[in-house]
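From first to last, the protein sequence lines stand for chains G and E. For the first sequence, the numbering used here begins at 340 and goes up steadily by one. For the second sequence, the numbering used here begins at 24 and goes up steadily by one. We put the beta carbon where it would ideally sit given N, CA and C, even for glycine. In this text the structure is predicted, and so the values were computed from the model without any measurement.
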Amino acid sequence: MIRIVGLHKSFGLNRVLQGLNLKIEHGETLVVIGQSGSGKSVLIKHLIGLLKPDKGEIFIDGVEITRMKDDELRKITRKFGMLFQGAALFDSMTVAQNVGFGLERYTGYPAEKIEKLVKESLAKVGLQGVEGLMPHELSGGMKKRVGLARAIAYKPEIILYDEPSTGIDPIRADAINDLINMMKKELKVTSVVITHDMVSSYKVADRMAMLYEGRIIEVGNPEEIKSSKNPVVQQFIHGKAEGPIENW
Amino acid sequence: MPLSENMHVLLIWSIVLLKLKMFHRVRPSFFSLFFEQLGELGLLSFKTFKNIFKKPWEKKIFIQQLEEVGVRSFPVVSLTAAFVGLVFGLQTYVGFHRYVGPGSEAYGGPIISLGLSKEFIPILVGLMVSGRVGSAMAAEIGTMKITEQIDALFSLGADPNRYLVVPRMLACFIMLPCLTLYGDILGIGAGYFYNVFIMGVNRFIYLKNTLLYLELWDVISGLIKAAAFGIIIAIIGCWQGLRAEGGAEGVGRATTRAVVYSSISILLVNFFLSKVLPTRLG
Ligand SMILES: Nc1ncnc2c1ncn2[C@@H]1O[C@H](COP(=O)(O)OP(=O)(O)OP(=O)(O)O)[C@@H](O)[C@H]1O
Ligand SMILES: [Mg+2]
């Protein structure tokens, strides 16, 4: 279980998170929605210790992580798989080396086993025969899927998806929704999904949370979110230009 | 009011607001910035030295870096050392010929070897490698930084410092003395070649003087300097890469800074090392 208490984070004068509270239950899929630039990526980077908050605490399975040293944090990051918004593939390594990177470090399996698991993960995201390619030889959507394969390869308990379907064609995007649901069902993973795609939100979410002005202003299952009385939420999920959210 | 007029007002206001936001930022003074960066650099060095002894060792990257820093720098070091040896031999010949008189040129040998092995070759190798390798480190690590690859390393269980900085520093620490030793031999050889083969200086006296007055310590102190330059090049290159921000422009800036800062540091540190290291042992 993940518990975030009173998280504050600023970059210079830009106050991104302002006292954010959120609880993520074991085995659930939580979708985080919010405007571009509202701090969704910043939020999930805090969960694995990539960013340190100015104030506030984060408990992963009861352990506070924001004041941990890097060496201790490594035990925590083992639990997480993260798909970065820009895929963040290592561009000096092949696809197979990318996907095998976490496996090698976290599991120490022999090379043949890693090779097999790499193939499996790639197959899960619908990629075959790309092991030897370099990242610059892949299309944008393929990169994203390799990033996803890399995040799930070592079977983490918690997976953070930063816009998994952005830049991917609708059919593959739906396949990724199925993959997220499958991971939940078969491996009981906890997932945090950031997305701008309402249709896929409703499809994968157990609960949804809306981030606005540095706080979570509404949490609930998709039905509750759809029928929310908060005008900000209503404007956002229906994608209206007019409303309380300023568009500039 | 027609729409176009409204747009005008909006545009002007947004520009005014942007400007205000820019000037609102507190500008740190030059000195506080300088010390902040110095602190950052010190911290990075400290962390890197501490991490040298921690497992796991990144053998693959270390070997890759040995090749990158060492083997691939051979051509540029060869060229530099040979030509510096030649011109230094040339001017020493001219000097002796003019001020001490014909026949004394054979005494140039020890001066050439001393000057080359203690100062010129270590400095020039340091500067050349900082241009070739330090810049590449800043560019590579800077690109990784802005594309979140460093974050990805961390999320996949690799300590970015141990994975990126330690192997690079060790490679430079080992390879710079090797390159310098090679440069010494080549440079001294070139000086000999110029004096003996081109100007017809007596080979036996030239050699005898060189061997008589050049001490092992002269060469070794040059190698010690080179090792220090290696650390400087790697740490500054990695530091600049790790603090790169923004896009391609940020990486470009980091690259330039890596070369400028490490070149200046090499020249400064060289002076102090020349001062501190004893001129001879015993
Ligand atoms: N490393 C950083 N340094 C400075 N500012 C940052 C940094 N990372 C994020 N920000 C700022 O924090 C804010 C939130 O960024 P974030 O990337 O979390 O947005 P987001 O909600 O993920 O948006 P999007 O949906 O477009 O990905 C932005 O204003 C951004 O400029
Ligand atoms: Mg984002």
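Point to revise | Chain-order list of residues whose beta-carbon lies under 6 angstroms from that of residue 195/E (same chain, five-residue window excluded) | key: Counting from one through the second sequence, the residue named residue 195/E turns up at place 172. Residues 92, 253, 256 and 257 of the same chain have their beta carbon placed closer than 6 angstroms to that of residue 195/E, with the five preceding and five following residues left out of the count.
Exercise for review: Say whether chain E places a C-beta atom closer than 8 angstroms to the C-beta of residue 427/G.
Suggested key: Numbered from 1 along the first sequence, position 88 holds the residue referred to as residue 427/G. Yes, because at least one Cβ of chain E sits closer than 8 angstroms to the Cβ of residue 427/G.
Point to revise | Enclosing alpha helix (DSSP H) for residue 349/G [first to last residue] | key: The count along the first sequence starts at 1 and reaches residue 349/G at position 10. Looking at the DSSP string, residue 349/G is not in any alpha helix (DSSP H); the run it does join, the beta strand (DSSP E), is 341 to 350.
Check your understanding: With a Cβ-Cβ cutoff of 8 angstroms, do residue 531/G and residue 344/G count as a contact?
Key -> The residue labelled residue 531/G in the question sits at position 192 within the first sequence. The residue labelled residue 344/G in the question sits at position 5 within the first sequence. Taking 8 angstroms as the cut-off, the beta carbon of residue 531/G is found no closer than this to the beta carbon of residue 344/G.
Review point. Which residue comes first and which comes last in the alpha helix (DSSP H) that contains residue 151/E?
Key: Reading the second sequence from its first residue, position 128 is the one you call residue 151/E. Start and end: 144 to 152.
Check your understanding: Hey, is the region 169 to 179 of chain E in contact with the region 58 to 68 of chain E, meaning 3+ C-beta pairs nearer than 8 angstroms?
Key -> No contact exists between the region 169 to 179 of chain E and the region 58 to 68 of chain E.
Check your understanding: Considering only residues of the same chain and omitting the five flanking positions on each side of residue 213/E, which have a CB-CB separation below 6 angstroms?
Key -> The residue given as residue 213/E occupies position 190 in the second sequence. Only 105, 108 and 109 meet the Cβ criterion.
**Study point:** chain G within 8 angstroms of residue 179/E, Cβ atoms only
**Key:** Indexing the second sequence from 1 puts residue 179/E at position 156. By this cut-off, residue 179/E is an interface position.
Point to revise | Shell residues, 6 angstroms Cβ cut-off relative to heavy atoms of ligand 1 | key: With 6 angstroms as the limit, the residues whose C-beta approaches a heavy atom of ligand 1 more closely than that are 350/G, 353/G, 355/G, 373/G, 375/G, 376/G, 377/G, 378/G, 379/G, 380/G, 381/G and 424/G, in chain order.
Exercise for review: Give the interface partners of residue 387/G over in chain E, defined as CB-CB distance under 7 angstroms, in chain order.
Suggested key: The count along the first sequence starts at 1 and reaches residue 387/G at position 48. Those within 7 angstroms of residue 387/G in chain E are 178.
Point to revise | Cα-Cα separation, residue 380/G to residue 424/G | key: Taking the first sequence and counting its residues from 1, the one referred to as residue 380/G is at position 41. Taking the first sequence and counting its residues from 1, the one referred to as residue 424/G is at position 85. Those two C-alpha atoms are separated by around 8 angstroms.
Check your understanding: Would you say residue 90/E reaches chain G, if we count a Cβ-Cβ gap shorter than 8 angstroms as a contact?
Key -> As a position in the second sequence, residue 90/E is number 67, starting the count at 1. Taking Cβ atoms only, chain G never reaches closer than 8 angstroms to residue 90/E, which makes this a no.
**Study point:** CB contact check: residue 278/E to chain G, cutoff 8 angstroms
**Key:** Translated into the one-based positions of the second sequence, residue 278/E becomes position 255. With a threshold of 8 angstroms between beta carbons, residue 278/E makes no contact with chain G.
Practice item. Name, please, each residue of chain E whose Cβ falls closer than 7 angstroms to the Cβ of residue 409/G. Key: Position 70 of the first sequence holds residue 409/G. For residue 409/G, the residues of chain E that pass the 7 angstroms Cβ criterion are 182, in the order they occur in the chain.
Exercise for review: Using a cut-off of 7 angstroms between C-beta atoms, extract the partners of residue 413/G located in chain E.
Suggested key: Position 74 of the first sequence, counting from 1, holds the residue named residue 413/G. Below the 7 angstroms Cβ cutoff, chain E contributes 180 as neighbours of residue 413/G, in chain order.
Point to revise | residue 130/E beta carbon less than 8 angstroms from that of residue 222/E | key: Numbered from its first residue, the second sequence carries residue 222/E at position 199. Numbered from its first residue, the second sequence carries residue 130/E at position 107. In this structure, residue 222/E keeps its C-beta atom at 8 angstroms or more from the C-beta atom of residue 130/E.
Check your understanding: Any heavy atom of ligand 2 within a distance shorter than 7 angstroms of the CB on residue 536/G?
Key -> As a working mapping, residue 536/G is identified with position 197 in the first sequence. No, ligand 2 has no heavy atom inside 7 angstroms of this Cβ.
**Study point:** Amino acids of chain E, ordered along the chain, whose beta-carbon sits closer than 9 angstroms to that of residue 419/G
**Key:** Numbered from its first residue, the first sequence carries residue 419/G at position 80. Those within 9 angstroms of residue 419/G in chain E are 178.
Exercise for review: Verify the contact flag: residue 409/G, CB atom, against every heavy atom of ligand 2, threshold strictly below 7 angstroms.
Suggested key: Position 70 of the first sequence, counted from the first residue, corresponds to residue 409/G. No, Cβ of residue 409/G sits at least 7 angstroms from all heavy atoms of ligand 2.
Practice item. Compare the Cα-Cα distances from residue 359/G to each of 349/G, 517/G, 368/G and 365/G and report the closest residue. Key: Counting from one through the first sequence, the residue named residue 359/G turns up at place 20. Residue 359/G has its Cα closest to that of 349/G, out of 349/G, 517/G, 368/G and 365/G.
Review point. Mind checking whether residue 177/E and residue 389/G have CB atoms under 8 angstroms apart?
Key: The residue given as residue 177/E occupies position 154 in the second sequence. The residue given as residue 389/G occupies position 50 in the first sequence. Contact annotation: residue 177/E and residue 389/G have beta-carbon atoms nearer than 8 angstroms.
Exercise for review: Within its chain, find whatever has a CB closer than 6 angstroms to the CB of residue 567/G; leave out the 5 residues flanking it on each side and keep chain order.
Suggested key: Mapped onto the first sequence, residue 567/G falls at position 228. 557.
Exercise for review: Could you work out which residue in 282/E, 227/E and 165/E is closest to residue 126/E when comparing CA atoms only?
Suggested key: Sequence index remark: in the second sequence, residue 126/E carries index 103 (1-based). Minimum Cα distance to residue 126/E is reached at 227/E.
Check your understanding: Checking contacts by CB at 8 angstroms: is residue 3/E closer than that to chain G?
Key -> Nothing about residue 3/E can be read from this structure; chain E reaches only from 24 to 305.
Practice item. Check whether the Cβ of residue 171/E lies closer than 8 angstroms to any Cβ atom in chain G. Key: As a working note, residue 171/E is residue 148 in the second sequence. Taking 8 angstroms as the CB threshold, residue 171/E lines the interface with chain G.
Exercise for review: List the endpoints of the continuous beta strand (DSSP E) containing residue 501/G.
Suggested key: Here residue 501/G refers to the residue found at position 162 when the first sequence is read from its first residue. Here the beta strand (DSSP E) through residue 501/G covers 497 to 501.
Exercise for review: Would you mind sorting residue 78/E into buried or exposed? The rule is 16 or more other CB atoms within 10 Å of its CB.
Suggested key: Position 55 of the second sequence holds residue 78/E. By the 10 Å Cβ count, residue 78/E comes out exposed.
Point to revise | residue 533/G and residue 415/G closer than 8 angstroms at C-beta | key: Along the first sequence, read from residue 1 onward, the residue named residue 533/G stands at position 194. Along the first sequence, read from residue 1 onward, the residue named residue 415/G stands at position 76. Against a cut-off of 8 angstroms, the Cβ pair of residue 415/G and residue 533/G comes out as no contact.
Review point. Among 52/E, 147/E, 89/E and 234/E, which has the Cα closest to the Cα of residue 286/E?
Key: Counting from 1 along the second sequence, the entry for residue 286/E is found at position 263. Selected option, being the one with the closest Cα: 147/E.
Check your understanding: Is residue 501/G near ligand 2, going by C-beta to nearest heavy atom under 7 angstroms?
Key -> For the purposes of this step, residue 501/G is taken as the residue at position 162 of the first sequence. True, at least one ligand heavy atom lies under 7 angstroms from that Cβ.
Review point. So, are the CB atoms of residue 245/E and residue 157/E less than 8 angstroms apart?
Key: As a first step, residue 245/E is located in the second sequence; it is residue number 222 there, counting from the start. As a first step, residue 157/E is located in the second sequence; it is residue number 134 there, counting from the start. Not a contact, by the Cβ cut-off of 8 angstroms.
Point to revise | Best match in 230/E, 144/E and 299/E for proximity to residue 102/E [C-alpha to C-alpha] | key: Here residue 102/E corresponds to residue number 79 of the second sequence, with the count starting at 1. Of the candidates 230/E, 144/E and 299/E, the one whose C-alpha sits nearest the C-alpha of residue 102/E is 144/E.
Point to revise | Euclidean distance between Cα positions of residue 232/E and residue 133/E | key: Indexing the second sequence from 1 puts residue 232/E at position 209. Indexing the second sequence from 1 puts residue 133/E at position 110. Distance between the alpha carbons of residue 232/E and residue 133/E is about 6 angstroms.
Practice item. Could you tell me if residue 55/E is buried or exposed, where buried requires 16 or more neighbouring beta carbons within 10 angstroms of its beta carbon? Key: Along the second sequence, one-based indexing puts residue 55/E at 32. Burial check for residue 55/E: the Cβ neighbour count within 10 Å stays below 16, so the residue is exposed.
Exercise for review: Please report how far the alpha carbon of residue 520/G lies from the alpha carbon of residue 561/G, in whole angstroms.
Suggested key: Looking up residue 520/G in the first sequence gives position 181. Looking up residue 561/G in the first sequence gives position 222. Each residue's Cα considered, the two are about 15 angstroms apart.
**Study point:** Residue from 577/G, 400/G and 542/G with nearest C-alpha to residue 364/G
**Key:** For the purposes of this step, residue 364/G is taken as residue 25 along the first sequence, with counting starting at 1. Nearest of 577/G, 400/G and 542/G to residue 364/G, Cα basis: 400/G.
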